[in-house]
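Structure record follows, encoded as structure tokens.
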Amino acid sequence: MTTKMMKGLNYLVMFVLLNLLWAVGIVCGLFFGGLVPSTYALIKLCQDRELFDGYAAYWQVVKRFCSEWLTGLKAFRLSVLLFPAALLVTYLDILVVQQNSLMKALFLWPALLLLCYLLLAMVQFCYVQTVSGDSLKAKLLAALTAPLLLPVESLLSLLVFGSFFILCLRFNWLFFVLAAAVLFVTCKLLENGYRKKGLVVHE
4 MTTKMMKGLN YLVMFVLLNL LWAVGIVCGL FFGGLVPSTY ALIKLCQDRE LFDGYAAYWQ
64 VVKRFCSEWL TGLKAFRLSV LLFPAALLVT YLDILVVQQN SLMKALFLWP ALLLLCYLLL
124 AMVQFCYVQT VSGDSLKAKL LAALTAPLLL PVESLLSLLV FGSFFILCLR FNWLFFVLAA
184 AVLFVTCKLL ENGYRKKGLV VHE
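In my numbering, the protein residues as written are 4 to 206.
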């Protein structure tokens, strides 16, 4: 029981640390230049089982996150701007829609669905970068067509994102507390889908 409690506590602390690093990475990139590299770095670290099971030193986690952040920034180049811009525009639309009861009734759910789809595509874009050597154009295409390639996993991910954003609309602070855990769950869903398709294998 003590071992399980310690392992659970390590997971909790690690998620809090990763969430903080993810937020700091976004801020350091002034959102537009930080969202994608920060998400990429978070996904890379979430793929490391020893990070959660091996009780890694926290300073090593910070050091590795910074290294992966820079790697992501160099790898994605100007494409880092695509998803932040689309997500920001969609989010601002949601804020505008909420000001009118009729617009809210007609457009809130479609806008939330679009926001979740864009976030899923961004996570997919970052995930593919960690497992594929294809061109950025091919990775972007794979990200945008993820619902066709992985319909079940994409639907589950959209449900996770949708629930998360609904909670964030009510409690804004949750975005900077649970985002890392949500991305972790999404990556596991995508990884499971790719394994079933035989497209990627992680040791």
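Positions of the beta carbon are idealized from the N, C-alpha and C atoms, including for glycine. Since we're looking at a predicted model, the values are computed, not measured.
The alpha helix (DSSP H) with Ser160 in it runs from where to where?
-> The sequence position of residue 160 within the sequence shown is 157, counting from 1. For Ser160, the uninterrupted alpha helix (DSSP H) run begins and ends at 154-173, by DSSP.
Would you mind giving the Cβ-Cβ distance between Ala146 and Phe128, rounded to the nearest angstrom? I have them listed as a contact below 8 Å.
-> Position 143 of the sequence shown holds residue 146. Position 125 of the sequence shown holds residue 128. In this structure Ala146 touches Phe128 by the C-beta definition: roughly 4 Å separates them, less than 8 Å.
For Ser135, name the three-state secondary structure that DSSP assigns.
-> Here residue 135 corresponds to residue number 132 of the sequence shown, with the count starting at 1. Three-state result, Ser135: coil.
Can a CB atom of chain D be found closer than 8 Å to the CB of Arg67?
-> You won't find chain D in this structure, because it holds only one protein chain.
Ends of the alpha helix (DSSP H) at Thr189?
-> On the sequence shown, residue 189 is found 186 positions in, with the first residue counted as 1. Counting along the chain, the alpha helix (DSSP H) containing Thr189 begins and ends at 178-200.
For Phe18, which three-state DSSP category applies?
-> Within the sequence shown, residue 18 is the residue found at index 15, counting from 1. Per DSSP, reduced to three states, the secondary structure at Phe18 is helical.
Between the stretch 6-13 and the stretch 34-50, do three or more beta carbon pairs fall short of 8 Å?
-> These segments do not touch.
Please go through the same chain and pick out, in chain order, the residues whose beta-carbon is closer than 7 Å to the beta-carbon of Phe207, but skip the five residues on each side of it.
-> Look at the range of the chain in this structure, 4 to 206, and you will see that residue 207 is not part of it.
Rounded straight-line distance, which links the Cα of Ala114 to that of Asp96 | Counted from its first residue, the sequence shown places residue 96 at position 93. Counted from its first residue, the sequence shown places residue 114 at position 111. CA-to-CA, the gap between Asp96 and Ala114 works out to about 7 Å.
So what does DSSP say about Gly75, is it helix, strand or coil?
-> Walking along the sequence shown from the start, residue 75 turns up at place 72. Of the three classes helix, strand and coil, the one that applies to Gly75 here is helix, per DSSP.
Coil, strand or helix - Ala124 by DSSP | Counted from its first residue, the sequence shown places residue 124 at position 121. Here Ala124 sits in helix by DSSP.
Would you call Gln132 buried or exposed, if buried means 16 or more other Cβ atoms sit within 10 Å of its Cβ?
-> For the purposes of this step, residue 132 is taken as the residue at position 129 of the sequence shown. With a threshold of 16 other beta carbon atoms within 10 Å, Gln132 meets it and is buried.
Kindly indicate which three-state DSSP category Asp51 falls into: helix, strand or coil?
-> For this step, residue 51 is matched to residue 48 along the sequence shown. DSSP places Asp51 in coil when its eight states are reduced to three.
Residue interval of the alpha helix (DSSP H) (run including Ala88) = Position 85 of the sequence shown, counting from 1, holds the residue named residue 88. Annotation: the continuous alpha helix (DSSP H) that includes Ala88 extends over 85-100.
Leu158 beta carbon less than 8 Å from that of Leu193 | One-based indexing of the sequence shown puts residue 193 at position 190. One-based indexing of the sequence shown puts residue 158 at position 155. In this structure, Leu158 does not lie closer than 8 Å to Leu193 by Cβ.
Could you have a look at Leu143 and say whether DSSP puts it in helix, strand or coil?
-> Counting from 1 along the sequence shown, the entry for residue 143 is found at position 140. If DSSP states are grouped into helix, strand and coil, Leu143 belongs with the helices.
Segment contact, 8 Å Cβ cut-off, at least three pairs: the stretch 100-116 with the stretch 69-83 | Too few Cβ pairs lie closer than 8 Å, so no.
Say the cut is 7 Å; is the CB of Val16 nearer than that to a heavy atom of the ligand COA?
-> This structure lacks the ligand COA; in fact it carries no ligand of any kind.
Considering only the beta carbon of each residue, do Leu122 and Ser82 sit closer than 8 Å?
-> Along the sequence shown, read from residue 1 onward, the residue named residue 122 stands at position 119. Along the sequence shown, read from residue 1 onward, the residue named residue 82 stands at position 79. The beta carbons of Leu122 and Ser82 sit no closer together than 8 Å.
Work out the CA separation of Lys199 and Ser70 for me, nearest whole Å.
-> Locating residue 70 in the sequence shown gives position 67, where the first residue counts as 1. Locating residue 199 in the sequence shown gives position 196, where the first residue counts as 1. Ser70 and Lys199: Cα-Cα distance of roughly 31 Å.
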